[in-house]
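Enquirer: Quick one: structure below, then a few questions.
In UniProt numbering, the protein residues as written are 1 to 211.
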């Protein structure tokens, strides 16, 4: 699809066909999604992809029984690492090798900033990882639609039950669920007029904030 078409035609879809998403298509979706930006390019995200019926049923239970969690071809748990240092050395060494940084002293100074982030209270690290990981979640949905795969983001789930059910380490914050699947040819989610979007004039403020 052209970029404008991806942006303007993507919808949150709650109904899916029984068609599976093949490995090649899923790989293509995540290949594109991974180019999302993040603070210091630290890429704190991980994805738990659930495709078998038993796993999806467990996820549906911790997501308040929402039907599309179980009926989607794949349900994705989007996780954010609460450890800013997890990939810092690889990322900053890459910056240095490719000339994004002038020397090792600058690399080391940025590394100290990341170390300071790692010492923040957990509540602040949760906010940090949620910001960056939300960016990749949106990229995931656009990448999926570019492959003809519909999606829906969900924030209604029991995070504690989710981490216990799937044995996810405390280091990771469950940021969002995203269902993936093929929409029926005729579905209200896509066929109906687009739901209200506030106008540019209403949401954009120049120089001063005046809601």
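Beta carbons: idealized from backbone N, C-alpha and C, even for Gly.
Using the DSSP secondary-structure output, state which residues sit across from residue 178 in a beta bridge.
Expert: BP columns for residue 178 point to 76, 153.
Enquirer: So, does the stretch 131-151 touch the stretch 100-115, judging by three or more C-beta pairs under 8 Å?
Expert: Contact between the stretch 131-151 and the stretch 100-115 is absent, because fewer than three Cβ pairs lie under 8 Å.
Enquirer: Kindly indicate the opening and closing residues of the beta strand (DSSP E) around residue 47.
Expert: 45-50 is the span of the beta strand (DSSP E), which, as asked, contains residue 47.
Enquirer: Which of the three DSSP states is assigned to residue 172 in this structure?
Expert: Looking at residue 172 - three-state DSSP - the assignment turns out to be strand.
Enquirer: When the Cα atoms are used, what is the spatial distance from residue 87 to residue 125?
Expert: Approximately 15 Å between the Cα atoms of the pair.
Enquirer: What are the boundary residues of the alpha helix (DSSP H) that residue 68 is part of?
Expert: Residues 67-71.
Enquirer: Go ahead and pull the three-state DSSP assignment for residue 134.
Expert: DSSP places residue 134 in helix when its eight states are reduced to three.
Enquirer: Roughly how far, in whole angstroms, is the beta-carbon of residue 79 from the beta-carbon of residue 48, given that I think they are within contact range, below 8 Å?
Expert: Contact holds; Cβ gap of about 6 Å.
Enquirer: Just checking, does the stretch 95-105 make contact with the stretch 172-191 on the three C-beta pairs under 8 Å criterion?
Expert: No: fewer than three Cβ pairs fall under 8 Å.
Enquirer: Are the stretch 200-210 and the stretch 37-45 touching, with three or more C-beta to C-beta distances below 8 Å?
Expert: Output reads no: the stretch 37-45 does not touch the stretch 200-210.
Enquirer: Once the 5 residues before and after residue 193 are set aside, which same chain residues still bring their CB inside 6 Å of it?
Expert: No residues qualify anywhere along the chain.
Enquirer: Answer yes or no: do residue 62 and residue 162 have a C-beta to C-beta separation smaller than 8 Å?
Expert: Yes, these two residues count as a Cβ contact at 8 Å.
Enquirer: Along the alpha helix (DSSP H) that carries residue 31, what are the first and last residues, could you check?
Expert: Run containing residue 31: 23-33, per the alpha helix (DSSP H) assignment.
Enquirer: Across the stretch 115-122 and the stretch 147-156, are there enough close Cβ pairs to call them in contact, namely three or more that are closer than 8 Å?
Expert: Verdict: no, contact absent.
Enquirer: Taking residue 28 as the reference, give the member of 40, 131, 148, 69 with the closest Cα.
Expert: Checking every option, the nearest Cα to that of residue 28 belongs to 148.
Enquirer: In chain order, what residues of the same chain lie with their CB nearer than 7 Å to the CB of residue 85, ignoring the 5 residues before and after it?
Expert: Cβ within range, chain order: 114, 115, 118.
Enquirer: Given a cut-off of 8 Å on the beta-carbon distance, is the pair residue 82 and residue 172 in contact?
Expert: Contact flag set, yes.
Enquirer: Just confirm the distance between the C-beta atoms of residue 73 and residue 16, as a whole number of angstroms; I'd bet it's less than 8 Å.
Expert: Contact flag correct, Cβ pair sits at about 6 Å.
Enquirer: For residue 158 and residue 75, what's the separation of their Cα atoms in angstroms?
Expert: Rounded to the nearest angstrom, the two C-alpha atoms are 15 Å apart.
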